[in-house]
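Just below is one structure, and these are the notes that go with it.
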Amino acid sequence: MTNFDLAVQHAAERVRCNLQAQDDAWGTSGWTRRRFLAGLGMVGVAALGSQLVTTRAAYAATPSTDDHTLIVIFLRGAADGLHILVPNSANLGLDYLRAVRGDLVPGSADLVALTGGWALNARLRPLYDQLWSTGELGFVPAVSTPGFSRSHFQAQQFLERGGSDTASTGWLDRVLTSLGPGTTFRAVSEGDATPMSLAGPEPSITLTSIEDFAFPGWDDIRPASQEAVLQLYRDVGGTLGADVPNTITALGTAAQIQAAASGSPNYPDGDFGRALKDLAKILRAEVGLQVATVDVGGWDTHTEEQNELDNQLEYAADALQTFFADLGPTRRQRVTVAVMTEFGRRVEMNDSGGTDHGHGSVMWLMGGGLAQSGVFGKWDALSDATLDDGDVAGLNNPFNVLGELVQKRLGAGSLTTVFPGLDYNPLGVFTTT
Amino acid sequence: MSNTVHATVSAAIKSAKHTAAAPLTWDPTNHLLARFTFGPTASSRAYVQKHGAGAWYQRQLELAATYRGYDGNSHVAAQGPLLSMSPYDVREWLKEQGDEYGWDAMDQLTLVTLGLQAWSSAQLYETLVDFFSNHLNVPNHNGDVWNTRHAYDRDVIRQYATGSFTDMLLASAKHPAMLIYLSLADSTKTAVNENYGRELLELHTVGLNYTEDDVKNAAKLLTGRTIDDNMHYLFDDYIHGTGPVQVLGFTHPNSTATGGENAGDDLVRYLAAHPDTAQHLARKLCVRYVSDNPSTSLVNAVAKAYTDNHTQILPMVSTILRSTEFWESRGKKVRRPTENLLATIRVLGIGASNWSDALQTLHWMTNDMGNCPLDWPAPNGYPDVATAWRSSGTLLDIWGTHLGLVGGWWDGLPGAKVGALYGGMPANSGDAIKRLTKRLTGMTWSSKHLAVLQTFLGESATTPMSKSVLRWWGEPLAAVILDGPHHALR
Chain A
1 MTNFDLAVQH AAERVRCNLQ AQDDAWGTSG WTRRRFLAGL GMVGVAALGS
51 QLVTTRAAYA ATPSTDDHTL IVIFLRGAAD GLHILVPNSA NLGLDYLRAV
101 RGDLVPGSAD LVALTGGWAL NARLRPLYDQ LWSTGELGFV PAVSTPGFSR
151 SHFQAQQFLE RGGSDTASTG WLDRVLTSLG PGTTFRAVSE GDATPMSLAG
201 PEPSITLTSI EDFAFPGWDD IRPASQEAVL QLYRDVGGTL GADVPNTITA
251 LGTAAQIQAA ASGSPNYPDG DFGRALKDLA KILRAEVGLQ VATVDVGGWD
301 THTEEQNELD NQLEYAADAL QTFFADLGPT RRQRVTVAVM TEFGRRVEMN
351 DSGGTDHGHG SVMWLMGGGL AQSGVFGKWD ALSDATLDDG DVAGLNNPFN
401 VLGELVQKRL GAGSLTTVFP GLDYNPLGVF TTT
Chain B
1001 MSNTVHATVS AAIKSAKHTA AAPLTWDPTN HLLARFTFGP TASSRAYVQK
1051 HGAGAWYQRQ LELAATYRGY DGNSHVAAQG PLLSMSPYDV REWLKEQGDE
1101 YGWDAMDQLT LVTLGLQAWS SAQLYETLVD FFSNHLNVPN HNGDVWNTRH
1151 AYDRDVIRQY ATGSFTDMLL ASAKHPAMLI YLSLADSTKT AVNENYGREL
1201 LELHTVGLNY TEDDVKNAAK LLTGRTIDDN MHYLFDDYIH GTGPVQVLGF
1251 THPNSTATGG ENAGDDLVRY LAAHPDTAQH LARKLCVRYV SDNPSTSLVN
1301 AVAKAYTDNH TQILPMVSTI LRSTEFWESR GKKVRRPTEN LLATIRVLGI
1351 GASNWSDALQ TLHWMTNDMG NCPLDWPAPN GYPDVATAWR SSGTLLDIWG
1401 THLGLVGGWW DGLPGAKVGA LYGGMPANSG DAIKRLTKRL TGMTWSSKHL
1451 AVLQTFLGES ATTPMSKSVL RWWGEPLAAV ILDGPHHALR
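Read top to bottom, the protein sequences are chains A and B.
Heads up, the first sequence is in the numbering used here, so the first residue is 1 and it goes up one at a time.
Heads up, the second sequence is in the numbering used here, so the first residue is 1001 and it goes up one at a time.
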């Protein structure tokens, strides 16, 4: 049995203990469906869910309106950092960049000046206008370590496992473990499947729509159906043995979230906008959300990068700007968004108006907890001498940035289990307040 | 666990311990059909029970040869009239409709693929087509392959799914859809595009056993492979980069531009036959058909079959079927969302009342669950292990499809007649539960699990049918049975 299997078994065991507590509370011997239904009347899902949640008290925490939330947005496909955060001055290597990239380097009309010679792709101006002056927008360039190859699949896994090719759990799962008990909705993945970063023993909820998160069927059949499904999975191992009880347990909180106030109607269509709209709704419901992930695809710009990437950035800025506006200036002080990608792209443009796989990438940081707006970390002016096999070198370790974030914002404590082997040197991006 | 490979399928079955992952139980018939088809049906169970697993496999090989394209179900095939056309002809057809561009051929490919997975008699073939579509993935519904993706399915994947992997790989390395998707069509000697070169090594052949120099050399050697104005393959020697190359153990002087196409084919043949490719393909096939963690010795045996048979695909399949490990792996796979949906349709015996509507329904359903066939957006294809599919939202979606399919809620798909699934008149409520569980999951449930369903109905097992809530609750009962682990695992 692998570590992962053991971890899943452990998670299933915890849920099973929860069910045992439920049996104890309701009495196994005298319990029947009729009594169950009679007790609940026709209230349905919400009531059943809250009953189950109550019995989780042994290890569930009470949500607090002081809690912080980390939202990790993964740009799948390797977003071209040099087209997002441009080293736009001679001392950062602009001349070299222009020489090997030609038209792919944005001109001044397509840039917003930041600080120290750096400039932002103007498609992200909505975020600049909204967050920069209030100290809520930061970037880290040249993000990588030697462990990242130029393979999408290896690099994504390496990042999500927290600096390992073989760890059986993801770094966010280990963050949750270090934080101790949490609520059913402490960790949410927006998407079709739980990402590697949340793989492991800590329960999490994966969904594509909080509004649709309900058990099927009509009211007089649903509670009994849910109970029967729970019972059928009671001795099942593997992922389903953990996920089925976890899902059914979450239905009550989901109903509570669904009943919370609607937010902004301005989100752009598409998966990313919808995911952020969901998360804003979950945050407003105050159900103890600590960690959330969103995957956004479409960044692998081997051809015609200019249009493709600019469209992606325009959409991302629209979605994120709406999200922060929806949260409002107070609530977003408790929410930090980290945007990352598996690697950056080759400095030189290829013959298709695109860029091939590179190394150092750019991380974006937004919302609460930044020390200030700015560009953080080391940078070497681009030149033949400073590139790593034609690519931006890895000067800033992503795990130093993420480690500082979870330590200062979530109170994760020691990072030795979250990022094993990390020589922790924070860049000073975040504050604890 | 024993890893012996036997001479015959029946010898392998005889050698296996009668074991399964709970709550599934040892059952060679349902195991064979749960792995090598998109789900058992009443008639396929009867066939295997009558003729045996070995005979079933031979029959499936005949059907694979007979129905190599889309003819495994003629009603389904009729929904894909564009699928026989060339990329050029699809474009001309669209122009006749007044469009310069359109997704029609890609849509038809999705519909026909889903329809054949649900209703083709050549089920083994469809599982192999699905496997290799993902192994050499070119995402359907990717705008750039709007008039070439269907031809890729027909001329590359379906053409060679039971043949030689070398032939399939050679065809893929010249197919417009692959060349467009992984940017090889845009790669030239003056500015090489490495996209295809890397994935050819990492995903299609040897796996993560290459260097950056191997990528650069492979990409350079393959320059010149592009498409003409009619969206058909063209080798353009003008853009081929010459000069010696080395990729892993392969070297070529590559001295002339006109010889560049043959030199590239030599590289593709070398890579297809590479021992790391044999390992890579063998492991993935074992993950597909056996378990998420197949033993090294089984993978080695399957890889050896590939190498000994000059990269033929079927000897690998046959090796798996003749292994003890396969027959001891029942219950070790979790059905992915679309597999669960298709297995539900098949076991309920649902046909289509309207083929176009039925296939459209399957399309949006699988799309909603993030598992529409051929649509995985990255070049590595859909993942095939349970840990990659964990999702509370998808579980709720799947349970919704069970209730809706039984009840006939959706266009084109008539509901199941629960009364007919009992296979005769049940004596009472308890007998009805026993009959329905056996019919839907192929197995006799434990008394503990039967009791859960009895509690669900809220009546005693001896309740006569005339007084049973099953007069109204037959459909929800069937749905709960399908929601359970007996159907979720395979």
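In this text, a Cβ means the ideal position worked out from N, Cα and C, and glycines have one as well.
Owing to the predicted nature of the structure, the values given are computational and were not obtained by experimental measurement.
Check                                                                                                                                                                                   : Outcome
Given this structure, state the Cα-to-Cα distance separating B/Thr1019 from B/Pro1294, to the nearest angstrom.                                                                         : 16 Å
Could you name the residues of the same chain whose beta carbon sits closer than 7 Å to that of B/Ala1016, not counting the 5 residues immediately before and after it, in chain order? : Thr1324, Trp1327, Glu1328
Just the C-alpha distance for B/Ser1279 and B/Leu1221, rounded to the nearest angstrom, thanks.                                                                                         : Just to set this straight, residue 1279 of chain B is Gln in the shown sequence, not Ser. For B/Gln1279 and B/Leu1221, the distance between alpha carbons rounds to 25 Å.
State the Cα-Cα distance for the pair B/Leu1281 and B/Pro1315, rounded to the nearest angstrom.                                                                                         : 12 Å
Just mark B/Lys1332 as buried or exposed, buried being the case when its beta carbon has 16 or more other beta carbons within 10 Å.                                                     : buried
Against chain A, with Cβ distances strictly below 7 Å, would B/Trp1026 count as a contact?                                                                                              : no
Please tell me whether B/Phe1235 has its Cβ less than 7 Å away from any Cβ of chain A.                                                                                                  : no
From A/Thr169 to A/Leu75, what does the alpha carbon distance come to, in whole angstroms?                                                                                              : 21 Å
So, are the CB atoms of B/Val1452 and A/Ala228 less than 7 Å apart?                                                                                                                     : yes
So which residues on chain B does A/Tyr233 lean against when the C-beta distance must stay under 8 Å?                                                                                   : Gly1484, Pro1485
Between B/Val1452 and chain A, is the shortest Cβ-Cβ distance under 7 Å, so that the two count as touching?                                                                             : yes
Count the other CB atoms, across all protein chains shown, that sit within 10 Å of the CB of B/Glu1459; report buried if there are 16 or more and exposed otherwise.                    : buried
May I have the straight-line CA-CA distance separating B/Tyr1067 from B/Asn1230, to the nearest angstrom?                                                                               : 29 Å
Looking at the structure shown, is B/Pro1414 part of a helix, part of a strand, or coil, going by DSSP?                                                                                 : coil
Under the rule that 16 or more other beta-carbon atoms within 10 Å means buried, what is A/Asp243, buried or exposed?                                                                   : buried
Please compile the residues from chain B whose C-beta is within a distance smaller than 9 Å of the C-beta of A/Leu207.                                                                  : Ser1391, Ser1392, Gly1393, Thr1394, Leu1396
By how many angstroms is the C-alpha of A/Thr177 removed from the C-alpha of A/Asn350?                                                                                                  : 44 Å
Check the Cβ of A/Gln154 against every Cβ in chain B and list those closer than 9 Å, keeping chain order.                                                                               : Glu1202, Leu1208
Give the straight-line distance between the Cα atoms of B/Leu1114 and B/His1363, rounded to the nearest whole angstrom.                                                                 : 7 Å
DSSP on B/Pro1377, reduced to helix/strand/coil?                                                                                                                                        : coil
Assuming A/Ser189 is part of the beta strand (DSSP E), what are its boundary residues?                                                                                                  : 187-190
Looking at the strands, I want to know which residues DSSP matches up with A/Met366.                                                                                                    : A/Leu137, A/Val337
For A/Ser209, write down the residues that DSSP places opposite it in a beta bridge.                                                                                                    : Answer is none; A/Ser209 lacks a bridge partner.
Mind listing the chain B neighbours of A/Leu240? Cutoff is C-beta to C-beta under 7 Å, in chain order.                                                                                  : Val1334, Pro1485, Ala1488
Using 8 Å as the threshold, is the region 1236-1247 of chain B in touch with the region 1171-1184 of chain B, meaning 3 or more CB pairs across them?                                   : no
Where does B/Asn1147 fall in DSSP's three states?                                                                                                                                       : coil
Pick helix, strand or coil for B/Val1454, following the three-state DSSP scheme.                                                                                                        : Looking at the sequence itself, residue 1454 of chain B is Gln, so the reference to Val does not match. The answer is helix: DSSP assigns B/Gln1454 an H, G or I state.
Below 9 Å on C-beta distance, what does B/Trp1523 contact in chain A?                                                                                                                   : This structure cannot speak to residue 1523 of chain B, because chain B is shown only from 1001 to 1490.
Which of the three DSSP states is assigned to A/Pro87 in this structure?                                                                                                                : strand
Considering B/Ile1227, what are the terminal residues of the alpha helix (DSSP H) in which it resides?                                                                                  : Where B/Ile1227 is concerned, there is no enclosing alpha helix (DSSP H), although the beta strand (DSSP E) it sits in stretches over 1225-1227.
Got a sec: is the Cβ-Cβ distance from B/Glu1194 to anything in chain A below 7 Å?                                                                                                       : yes
For B/Gln1246, report the span of its beta strand (DSSP E) as first-last.                                                                                                               : 1245-1247
Does A/Asn266 come within less than 7 Å of chain B when only Cβ atoms are used?                                                                                                         : no
Where B/Phe1036 and B/Trp1472 are concerned, what is the direct C-alpha to C-alpha distance, given to the nearest angstrom?                                                             : 36 Å
Using 7 Å as the limit for Cβ to Cβ distance, is A/Asp448 near chain B?                                                                                                                 : This structure does not reach residue 448 of chain A, given that chain A is present from 1 up to 433, and the question cannot be answered.
For the region 1102-1117 of chain B, enumerate the residues whose C-beta is nearer than 7 Å to any C-beta of chain A, in chain order.                                                   : none
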